[in-house]
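Quick look at the structure:
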């Protein structure tokens with residue numbers, strides 16, 4: 001998998017456009033360079049041929065066939081042009097050879113240059129060849145003349161290729177500058193064009209982000225965000241994306257609405273069923289306790305009545321938990337009174353010591369009372385549930401510490417224990433309803449009459465109180481933190 005950071009579609013499109021323009025421009029420049037080079041070489045060839053023909057015309061103009069070529073100097077017989085080279089070779093010997101520089105000054109070829117000339121003539125196949133004298137290169141051509149007395153003469157002339165190289169260099173530099181300007185223009189113009197073309201996608205992304213930021217996990221959800229106008233044109237790719245998003249949002253809204261109706265029906269059923277079950281369960285428990293306490297009842301029957309009473313009590317607690325959750329889900333408004341969390345902590349821990357003496361209970365409180373704006377009964381239930389959870393899900397001998405303090409504008413209650421900790425796979429769902437963790441936790445929960453609603457009730461109370469409940473756990477330390485608004489004195 002590539003580790004390179006992703007680039008946006010806008011950047012990639014602009015890069016592709018600029019790249020294509022650069023490639024096309026480079027191809028045009030390359031083609032023009034070849035054409036220009038060939039054209040300049042043809043012009044140079046015609047100039048060389050003209051100079052050679054003029055030389056022959058000058059020598060043989062009088063029609064004298066017995067010309068002594070050794071007596072001729074190239075500066076007298078050749079039409080002179082700056083940056084040219086002329087030579088006469090008779091019977092394999094250089095009789096006259098000079099270079100006319102750019103200042104129109106003749107310079108005779110030295111011995112080394114004459115030797116290079118003769119070596120080049122030995123390889124001459126009748127076509128143009130190149131001679132280098134110093135830093136200058138000369139495109140040259142030789143014409144052979146057979147005299148009547150058997151003398152073989154070679155008339156050679158050449159002109160510098162350096163001007164051609166300079167012209168090509170200037171052309172390439174100019175073309176490079178133009179190419180860079182074209183590329184810069186392509187990037188600027190392409191960016192504007194691509195930005196305008198992708199504006200519908202940007203608006204689609206904006207709608208998607210707005211929907212993604214909505215809380216869709218519970219309650220009645222109204223998805224009123226849709227892609228509108230030209231952004232849903234089926235004739236464009238972006239429009240089809242907008243249409244697809246609208247259809248997706250329609251389906252999601254219908255699904256969420258169906259889920260909400262189902263949840264509402266379930267809440268009403270749970271609330272009504274819990275309410276209707278309270279009286280029968282109370283009657284069953286009352287009769288069971290009555291007959292268990294009646295004298296003359298056989299021991300086995302008495303044990304059965306006691307068992308019925310205990311199970312009735314467990315079912316009654318379950319019904320109360322379900323009814324509490326149903327009321328909170330229905331939007332029950334909790335009271336906002338000024339309460340003393342320090343007092344609630346001391347009372348709750350005192351009850352926990354009596355109910356679970358096999359645990360060590362500790363209290364950590366500041367010198368001043370910790371005051372909060374919350375519902376006293378609801379916060380007391382939170383403390384009871386958290387302490388019961390710590391006692392039920394940790395082995396005997398575990399130390400449970402309950403503390404309260406004020407942080408910024410929040411009142412904070414921590415319930416921590418030194419137990420084995422919560423399994424990592426359970427921690428993310430610890431506040432879900434009917435969440436009981438691993439098998440051992442589930443067994444202990446059944447013994448204590450819980451089916452995993454205690455922490456769910458805590459989470460519901462925290463939400464209704466404008467507070468928060470969090471949990472963190474590691475072997476040897478588990479901390480539940482409950483926060484509510486502190487009292488602003």
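Numbering (UniProt numbering), first residue to last: 1 to 489.
For glycine and all other residues, C-beta sits at the position ideal for the given N, C-alpha and C.
Just the Cα atoms here: how many angstroms apart are residue i and residue j?
{"i": "residue 307", "j": "residue 383", "result": "29 Å"}
{"i": "residue 409", "j": "residue 371", "result": "11 Å"}
{"i": "residue 420", "j": "residue 288", "result": "39 Å"}
{"i": "residue 104", "j": "residue 160", "result": "14 Å"}
{"i": "residue 13", "j": "residue 458", "result": "53 Å"}
{"i": "residue 412", "j": "residue 18", "result": "60 Å"}
{"i": "residue 310", "j": "residue 346", "result": "28 Å"}
{"i": "residue 391", "j": "residue 244", "result": "53 Å"}
{"i": "residue 88", "j": "residue 59", "result": "12 Å"}
{"i": "residue 485", "j": "residue 333", "result": "15 Å"}
{"i": "residue 356", "j": "residue 373", "result": "30 Å"}
{"i": "residue 353", "j": "residue 376", "result": "21 Å"}
{"i": "residue 407", "j": "residue 359", "result": "29 Å"}
{"i": "residue 283", "j": "residue 297", "result": "19 Å"}
{"i": "residue 29", "j": "residue 180", "result": "12 Å"}
{"i": "residue 544", "j": "residue 212", "result": "The structure shown does not extend to residue 544, since the chain is modelled only from 1 to 489, so the question has no answer here."}
{"i": "residue 488", "j": "residue 339", "result": "12 Å"}
{"i": "residue 438", "j": "residue 476", "result": "Note that residue 438 scores 44 on pLDDT, short of 50, meaning its location in the model is unreliable and no value can be drawn from it."}
{"i": "residue 443", "j": "residue 393", "result": "Low per-residue confidence applies at residue 443: pLDDT is 35, beneath 50, and the placement is therefore not dependable, though the value from the model is reported in the following sentence. Their backbone Cα atoms lie some 10 Å apart in a straight line."}
{"i": "residue 137", "j": "residue 162", "result": "7 Å"}
{"i": "residue 385", "j": "residue 251", "result": "40 Å"}
{"i": "residue 111", "j": "residue 42", "result": "31 Å"}
{"i": "residue 481", "j": "residue 210", "result": "31 Å"}
{"i": "residue 40", "j": "residue 145", "result": "28 Å"}
{"i": "residue 191", "j": "residue 16", "result": "11 Å"}
{"i": "residue 405", "j": "residue 388", "result": "21 Å"}
{"i": "residue 92", "j": "residue 102", "result": "29 Å"}
{"i": "residue 290", "j": "residue 350", "result": "30 Å"}
What does residue i pair with, by DSSP beta-bridge criteria?
{"i": "residue 98", "result": "86, 108"}
{"i": "residue 156", "result": "87, 142"}
{"i": "residue 340", "result": "371"}
{"i": "residue 479", "result": "416, 472"}
{"i": "residue 137", "result": "132"}
{"i": "residue 410", "result": "407, 485"}
{"i": "residue 309", "result": "Answer is none; residue 309 lacks a bridge partner."}
{"i": "residue 93", "result": "90"}
Indicate the three-state DSSP secondary structure (helix, strand or coil) for residue i in the structure shown.
{"i": "residue 287", "result": "helix"}
{"i": "residue 29", "result": "helix"}
{"i": "residue 209", "result": "helix"}
{"i": "residue 488", "result": "coil"}
{"i": "residue 404", "result": "strand"}
{"i": "residue 444", "result": "Because residue 444 sits at a pLDDT of 40, beneath the cut-off of 50, its placement in the model cannot be relied upon, and the following sentence gives the value as read from the coordinates. Reduced to three states, the DSSP call for residue 444 is helix."}
{"i": "residue 398", "result": "coil"}
{"i": "residue 132", "result": "strand"}
{"i": "residue 177", "result": "helix"}
{"i": "residue 364", "result": "strand"}
{"i": "residue 113", "result": "helix"}
{"i": "residue 151", "result": "coil"}
{"i": "residue 81", "result": "coil"}
{"i": "residue 255", "result": "helix"}
Within this structure, are the beta carbons of residue i and residue j separated by less than 7 Å?
{"i": "residue 416", "j": "residue 479", "result": "yes"}
{"i": "residue 74", "j": "residue 96", "result": "yes"}
{"i": "residue 128", "j": "residue 109", "result": "no"}
{"i": "residue 430", "j": "residue 455", "result": "yes"}
{"i": "residue 157", "j": "residue 51", "result": "yes"}
{"i": "residue 319", "j": "residue 361", "result": "no"}
{"i": "residue 114", "j": "residue 94", "result": "yes"}
{"i": "residue 10", "j": "residue 194", "result": "yes"}
{"i": "residue 253", "j": "residue 216", "result": "no"}
{"i": "residue 281", "j": "residue 315", "result": "yes"}
{"i": "residue 380", "j": "residue 343", "result": "no"}
{"i": "residue 460", "j": "residue 468", "result": "no"}
My assumption, with CB atoms under 8 Å, is that residue i sits in contact with residue j. Please give the rounded CB distance.
{"i": "residue 203", "j": "residue 227", "result": "7 Å"}
{"i": "residue 164", "j": "residue 32", "result": "Not confirmed; about 15 Å, so no contact."}
{"i": "residue 505", "j": "residue 168", "result": "Here the chain comprises residues numbered 1 to 489, so residue 505 is not present and cannot be evaluated."}
{"i": "residue 100", "j": "residue 82", "result": "6 Å"}
{"i": "residue 55", "j": "residue 133", "result": "About 20 Å; that fails the 8 Å criterion."}
{"i": "residue 571", "j": "residue 292", "result": "Since the first and last residues shown for the chain are 1 and 489, residue 571 lies out of range."}
{"i": "residue 256", "j": "residue 221", "result": "4 Å"}
{"i": "residue 200", "j": "residue 239", "result": "7 Å"}
{"i": "residue 378", "j": "residue 312", "result": "That pair is no contact at about 26 Å."}
{"i": "residue 230", "j": "residue 21", "result": "No, residue 230 and residue 21 are not in contact; Cβ-Cβ is about 29 Å, not under 8 Å."}
Taking 6 Å as the line, does the beta carbon of residue i fall inside it for any heavy atom of the ligand MG?
{"i": "residue 279", "result": "Among the components modelled here there is no ligand, and therefore nothing to report on the ligand MG."}
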